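**Student:** Before anything else, here's the structure in question.
Number of protein chains: 2
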Amino acid sequence: MKKKITLKQIARELDVSISTVSKALRNSIEISEDTRQKVQAFAKLYNYRPNNIALSLKNRKTKTIGIIIPEIVHHFFSKVISGIEAVANKRGYNVIVGLSNESFSKEVINMEMLANGSIDGFILSIAKETLQQQDYHHFTETINQGMPIVMFDRVVNEIKCDKVIVDDAEGAKKAVSKLIENGCKHIAIITTKDYVSVGKYRTQGYLEALENYKINPKASLILKVDDELLSEDHLDSLEKEIEILFQKNKKLDGIFAVNELYAITAMKVARKLGLNMPEDVQIIGFTDGVLSKHAVPTLTTVSQHGQKIGEKAAELLINNLEREDEEDTYETVVIETELIERASTK
Amino acid sequence: MKKKITLKQIARELDVSISTVSKALRNSIEISEDTRQKVQAFAKLYNYRPNNIALSLKNRKTKTIGIIIPEIVHHFFSKVISGIEAVANKRGYNVIVGLSNESFSKEVINMEMLANGSIDGFILSIAKETLQQQDYHHFTETINQGMPIVMFDRVVNEIKCDKVIVDDAEGAKKAVSKLIENGCKHIAIITTKDYVSVGKYRTQGYLEALENYKINPKASLILKVDDELLSEDHLDSLEKEIEILFQKNKKLDGIFAVNELYAITAMKVARKLGLNMPEDVQIIGFTDGVLSKHAVPTLTTVSQHGQKIGEKAAELLINNLEREDEEDTYETVVIETELIERASTK
DNA sequence: ATAAGTAGCGAAAACGTTTTCGTGTTGAAA
DNA sequence: TTTCAACACGAAAACGTTTTCGCTACTTAT
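Note that the protein sequences, when read in sequence, are chains A and B.
Using full-length UniProt numbering, the first residue of the first sequence is number 1, and each one after it goes up by one.
Using full-length UniProt numbering, the first residue of the second sequence is number 1, and each one after it goes up by one.
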């Protein structure tokens, strides 16, 4: 087992100083052709690689990006990571991942762990619990310490930082408008409680679309699911709620769901009730994940382009990190949503 | 913007030495109660946290685990990461993720980037291209440099390291046996080319089950899909291949697919051909992902317990890292698979 | 022959810690 | 009064780099 070799060891072996070795390896003109050759040959032979940690300490930058997301077993978030990783790698950065599991304290702890020198900046999406408690001190503190943050998807306006979002309202509006144009008269929305910002905005888009077409919204058509239901155990009660939605609205002919799971579950209930899609009821979801693509019928959905979100977030962060001038000017990038039409709509 | 404070700054402010500050913060008895109080109060006020990079350099360990996986937008792999992260975090480790995208060179580059001091050890699953080329020098080299590796799922015997696998053959055997016991007489397998080890072992399990029940395997019932097809673009040709499989075997009444996507696609084709599940044909997949759970009919599948695999891998690695004695004794842990029965079988 | 310039190299500082080893001061014992 | 221990603290090394500065010896020009 030959341990990693250091400059010091090379220096000792070749009977030169550490500085000489360092310079020789970096092709400094200070060093004679002779010694340069000798050192480089030796280094190559022993497969020398500079120690990243030492470099990080010296340069006071780690070339590493910290990601904090609520969960990773989730198509959208893993797409985003994939996008971040792609551009990070291309620009010589590594990516270190922390999971908050939607918990405020885990989010705080994870950020503190990483903020102490391990990374140069954060890309994150806020945990639900944090959104609920509206306690954002950990974000402001890290920013105050000079560590940049880029937020994506779940963001809050209070915090001054770069953001990458989709226009949730616009995306929802597109979807609901599509349903209306397809002839739906009684369109329901299955959404989350309002403190989840994306749920709020998508609901807003739903209402805007209705208004555009002079349709009066009906309270009974708006189902705000307690988001605990997303944890798969509570799927049953979600189903029940949706079933009640159908029973209360016999003429229901269109559903807009703010996420894949709600949409898929709605399809399941509809099928159970003997309804055909898209003939009897048309359904559109949000987030183009693997479920939408393989559902029966395949699900029309609003794609958020998670990969692109990740790429953009990484670009913003790295640009910020590598910017010379220290002006604090923050940007909010909106990634266009796209309505992907499949078989669940006419 | 108040930058992170260092020992040196505290020392200067309080007019003591750096060593005194360090000792005071670590409650050394060398330091008088008085100074200790003073230092700790000051440190707390300025929210002092030791710099991780400096600690890493000093201790020559980073408390960080490197993960290299072929892709992250994949239910199984993200489950594994989630498991790794859980125990890593509990034991004070961070997790840094590299993606190989199934490419040999990206795998090598990523490992080299991380091996130079950034991490203490690797947890990885081998890229397909690497398996194909059978070039494992980067693994042996990192191990030789004293950096431990734990492989999971896609492993190779040549490399001496800890491994966490599922008994693919056994899992497949369970599934196929189930189909036989459920009355299937003509059972097909949809699998990958042999160089993907999991594909090979699952095929082997299929054959073993048949043999157990004295059923002769038929070549026409074994569909080895070129794994390029997994990249979602090639879904169409996958469908065609499966359709041909049905046409060539009119009495086909059971299908075992070595992954979710193959299973779902088989269901799609069956439905197109007017076959009912589970009445006309029963289907079992491998990997219990989100697709299986929400397919129609819901898909019976072999669960690999990705989370548990990740947890176990992390335990093995950290135990190895924190072991005092340097004995090189490696373990291969087999995580039991479980047949999750749903509606696609009788 | 002397001054000046240059080529080639090494010493040392710096990044932020922890830890070992001194060292000076105090108080008590001899 | 001398000696010794205990106490409280500081200096310095170490982790592995990069970089600035200084030094020596040689070459060239005057």
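By construction, the Cβ of each residue, glycine as well, lies at the ideal position given by its N, Cα and C atoms.
Because the structure is a prediction, the values reported are computed rather than measured.
At what residues does the beta strand (DSSP E) containing residue 253 of chain A begin and finish?
**Tutor:** Element bounds for residue 253 of chain A: n/a, residue is neither H nor E.
**Student:** Do the CB positions of residue 6 of chain B and residue 53 of chain A come within less than 8 Å of each other?
**Tutor:** Not closer than 8 Å, so no.
**Student:** Is residue 304 of chain B closer than 8 Å to residue 337 of chain B when the C-beta atoms are compared?
**Tutor:** Contact: yes.
**Student:** So the alpha helix (DSSP H) residue 40 of chain A belongs to, where does it begin and stop?
**Tutor:** Unbroken alpha helix (DSSP H) run through residue 40 of chain A: 33-45.
**Student:** Counting Cβ pairs closer than 8 Å, one from the stretch 258-268 of chain A and one from the stretch 173-192 of chain A, do we hit at least three?
**Tutor:** Segments in contact, yes.
**Student:** If we ignore side chains and look at the alpha-carbon of each, how far apart do residue 51 of chain B and residue 329 of chain B end up?
**Tutor:** Answer to the nearest angstrom: the Cα atoms are 34 Å apart.
**Student:** Buried or exposed: residue 37 of chain A, going by 16 or more other Cβ atoms within 10 Å of its Cβ?
**Tutor:** Residue 37 of chain A comes out exposed.
**Student:** Under 8 Å between C-beta atoms, does residue 311 of chain B make it to chain A?
**Tutor:** Not one chain A Cβ lies under 8 Å of residue 311 of chain B.
**Student:** Is residue 70 of chain A close to chain B, meaning its C-beta is less than 8 Å from at least one C-beta of that chain?
**Tutor:** Cβ-Cβ to chain B under 8 Å: no for residue 70 of chain A.
**Student:** Tell me which residues of the stretch 83-96 of chain A have at least one Cβ-Cβ distance to chain B shorter than 9 Å, keeping chain order.
**Tutor:** The stretch 83-96 of chain A vs chain B, Cβ under 9 Å: 85, 86, 89, 92, 94, 95, 96.
**Student:** Using the Cα positions of residue 335 of chain A and residue 42 of chain A, report the straight-line distance between them to the nearest angstrom.
**Tutor:** The alpha-carbon atoms of residue 335 of chain A and residue 42 of chain A are separated by roughly 51 Å.
**Student:** Going straight from the alpha carbon of residue 274 of chain A to that of residue 154 of chain A, what length do you get?
**Tutor:** When rounded, the distance between both Cα atoms is 37 Å.
**Student:** Could you please tell me which residues of the stretch 128-154 of chain B, in chain order, have their CB closer than 7 Å to any CB of chain A?
**Tutor:** Within the stretch 128-154 of chain B, the residues whose Cβ lies closer than 7 Å to some Cβ of chain A are 144, 145, 146, listed in chain order.
**Student:** Is DSSP giving residue 51 of chain B helix, strand or coil here?
**Tutor:** Coil, per DSSP.
**Student:** Below 8 Å on the Cβ atoms is my guess for residue 111 of chain A versus residue 104 of chain A; work out the distance and round it to an integer in Å.
**Tutor:** Incorrect: roughly 11 Å between the Cβ atoms, too far for contact.
**Student:** If you follow the alpha helix (DSSP H) that residue 247 of chain A is part of, which residue opens it and which one closes it?
**Tutor:** Start and end: 235-248.
**Student:** Mind reading off the beta-carbon distance from residue 244 of chain A to residue 344 of chain A? Whole number of angstroms is fine, and I expect it under 8 Å.
**Tutor:** Actually they do not touch by this definition, with Cβ atoms about 21 Å apart.
**Student:** Once the 5 residues before and after residue 298 of chain B are set aside, which same chain residues still bring their CB inside 6 Å of it?
**Tutor:** If we look at residue 298 of chain B and ignore the five residues flanking it on each side, its Cβ neighbours are 342, 343.
**Student:** Would you mind reading off the limits of the beta strand (DSSP E) that contains residue 94 of chain B?
**Tutor:** Start and end: 94-99.
**Student:** Give the residues of chain A in contact with residue 54 of chain B, contact being defined as C-beta atoms less than 8 Å apart.
**Tutor:** Correct list: 57, 117.
**Student:** Taking the Cβ atom as the reference point for each residue, do residue 289 of chain A and residue 84 of chain A lie within a distance shorter than 8 Å?
**Tutor:** Their beta carbons are not under 8 Å apart, which means residue 289 of chain A does not touch residue 84 of chain A by this criterion.
**Student:** With a threshold of 7 Å on Cβ separation, who are the neighbours of residue 226 of chain B within its own chain once the five nearest residues in sequence on each side are excluded?
**Tutor:** The answer, listed in chain order, is 193.
**Student:** Would you say the stretch 85-99 of chain B touches the stretch 91-106 of chain A, given that touching needs at least three Cβ pairs under 8 Å?
**Tutor:** Short answer: they touch.
**Student:** Which stretch, first to last residue, makes up the beta strand (DSSP E) that contains residue 162 of chain B?
**Tutor:** Taken as a continuous stretch (DSSP letters only), the beta strand (DSSP E) holding residue 162 of chain B covers 162-166.
**Student:** Say whether the stretch 64-74 of chain A touches the stretch 112-131 of chain A, bearing in mind that this needs 3 or more beta-carbon pairs closer than 8 Å, one atom from each stretch.
**Tutor:** The stretch 64-74 of chain A, when compared against the stretch 112-131 of chain A, does touch it at the 8 Å Cβ threshold.
**Student:** Residues of chain B with CB closer than 9 Å to the CB of residue 296 of chain A, please, in chain order.
**Tutor:** Here the neighbours are 267, 268, 271, 295, 296.
**Student:** Contact check, residue 159 of chain A vs residue 140 of chain A under 8 Å by CB: the rounded distance?
**Tutor:** The pair is a contact, with the Cβ atoms about 7 Å apart (cut-off 8 Å).
**Student:** Within 7 Å: the Cβ of residue 182 of chain B and any heavy atom of the ligand ADP?
**Tutor:** As presented, the structure is devoid of all ligands, the ligand ADP included, so that no description of it is given.
**Student:** On the criterion of 16 or more Cβ atoms from any shown chain inside 10 Å, does residue 137 of chain B qualify as buried, or is it exposed?
**Tutor:** It is exposed - the Cβ of residue 137 of chain B has fewer than 16 other Cβ atoms within 10 Å.
**Student:** On the three-pair Cβ rule with 8 Å, is the stretch 159-178 of chain B touching the stretch 198-211 of chain B?
**Tutor:** Touching, yes, given that three or more Cβ pairs across the two stretches are closer than 8 Å.
**Student:** Quick one: which chain B residues come within Cβ less than 8 Å of residue 50 of chain A?
**Tutor:** Those are 116, listed as they occur along chain B.
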